[in-house]
Amino acid sequence: MIDYFKNVWTWFYTILLGMRITLKHLFAKKVTIQYPNERYPIPPIARNRLHLDPERCNGCMQCARICPVQCITVETIKVVPIDPEKPTMFDGSPRKIWVPRYDIDFAKCCFCGLCTTVCPTDAIKHTIDFEYSSYTREGLIYHFSNMTPEKIEEKKKLLAEWTIKEKALKAEKAKQDSNVSSNEVN
Ligand code: SF4
Ligand code: SF4
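In numbering that gives the first Met the number 0, the protein residues as written are 0 to 185.
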């Protein structure tokens with residue numbers, strides 16, 4: 000009989016003990032929030048999704064070279080002297096390279112920040128955006144170039160045209176130089 004009451008008391012005491020801990024946490028300061036209705040403030044120096052400003056990018060490819068996981072793909076087209084557009088950079092200096100493709104695969108990016116460190120024009124920067132999940136892997140590949148397919152085609156044609164012209168000019172110059180040297184010998 001005594002054992003019976005002892006067991007009842009132990010059962011009751013255990014419940015009280017458990018409820019004491021529950022009650023303590025019920026009135027304690029909350030450390031969790033109701034995401035996504037509430038959000039913690041993100042520090043401005045947080046290394047989340049990257050953003051490229053195409054106007055500042057000069058196509059130097061330093062970011063792609065230093066990226067430890069090769070998640071940056073950059074394609075470039077040389078700006079040729081016959082380009083009537085005479086493109087300029089954000090600071091007014093002449094643009095030497097077009098950037099028809101600048102892709103970042105955020106499924107591979109490890110947010111090390113090396114690309115932002117080496118960029119000479121501050122074109123690539125981390126943002127505080129961490130909410131960019133996607134149902135597909137392709138959805139995590141961001142295309143930053145602002146060139147249209149028509150413009151890319153036009154610039155490729157200009158480059159091909161200029162390459163032929165440049166070759167002809169070089170051949171002409173070499174011919175003139177050899178004529179000069181043969182005249183000097185005679
Ligand atoms: S943060 Fe690091 S891993 Fe991500 S793109 Fe830049 S260099 Fe590559
Ligand atoms: S983002 Fe910066 S480092 Fe990368 S290609 Fe553009 S200018 Fe060069």
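Note that beta-carbon positions come from the ideal geometry of N, C-alpha and C, so glycine has one too.
Source: prediction; values computed, not measured.
Query                                                                                                           : Result
Spatial neighbours of S177 in its chain, beta-carbon cut-off 7 Å, leaving aside the 5 residues before and after : none
Under 8 Å between C-beta atoms of R187 and F143                                                                 : Only positions 0 to 185 of the chain appear in this structure, which leaves residue 187 out of reach.
Whole-angstrom C-beta distance between V78 and P86, which should lie under 8 Å                                  : 6 Å
Contact test: C66 Cβ vs ligand 1 heavy atom, cutoff 7 Å                                                         : yes
Buried or exposed (CB count within 10 angstroms, at least 16 for buried), K154                                  : buried
Start and end residues, alpha helix (DSSP H) containing T147                                                    : From DSSP, T147 is part of no alpha helix (DSSP H); its letter is neither H nor E.
Opening and closing residue of the alpha helix (DSSP H) in which T87 lies                                       : Run containing T87: none; DSSP gives neither H nor E here.
Rounded Cβ spacing between C114 and I71 (contact assumed at less than 8 Å)                                      : 6 Å
At least 3 beta-carbon pairs within less than 8 Å: the stretch 0 to 17 vs the stretch 92 to 99                  : no
Spatially closest choice to G138 from L157, D102, D82, by CA coordinates                                        : D102
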